[in-house]
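What follows is a short report on a single structure.
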Amino acid sequence: MKQNYTQLDLIRFIYKETSAAETMDISEALSKDPLLSEEYEELFEGYRLLPKAKFSPKPSTLNTILGYSEQIALNPMH
22 MKQNYTQLDL IRFIYKETSA AETMDISEAL SKDPLLSEEY EELFEGYRLL PKAKFSPKPS
82 TLNTILGYSE QIALNPMH
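Numbers in the numbering used here are just positions in the sequence shown, counted from 1, shifted up by 21.
This is the structure in structure tokens:
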């Protein structure tokens, strides 16, 4: 049975948000369908060009969170 994959399916595949079965099915479809493969390559190129997000809280934010956590651990009733 031939599955019609959407751009959303391909994006989920790129971001590794597909199940193992979906990943295998999409990989097989990409190897057999040149149009799907072309669309995937275009989407992947866009993904590759996006800046990678990095989340690094300020040290003061970490200290505030750790201080709060310590207070809760020492006084669990409050």
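Don't be surprised by glycine CBs; every beta carbon is placed ideally from N, CA and C. Computed from a prediction, not measured in an experiment: that's the story for all the values here.
Beta carbon of residue i, beta carbon of residue j: below 9 Å?
i: L64; j: Y26; result: no
i: E49; j: D30; result: no
Taking the beta carbon of residue i as the centre, do at least 16 other beta carbons fall within 10 Å, making it buried, or is it exposed?
i: Y61; result: buried
i: I86; result: exposed
Starting from residue i, trace the alpha helix (DSSP H) both ways and give me its first and last residue.
i: Y68; result: 55 to 70
i: F34; result: 28 to 35
i: Q92; result: 80 to 95
Expressed to the nearest angstrom, what Euclidean distance is found between the alpha-carbon atoms of residue i and residue j?
i: A94; j: M45; result: 46 Å
i: G88; j: S40; result: 39 Å
Excluding the 5 residues flanking residue i on each side, which residues of the same chain have their C-beta closer than 8 Å to its C-beta?
i: S52; result: S58
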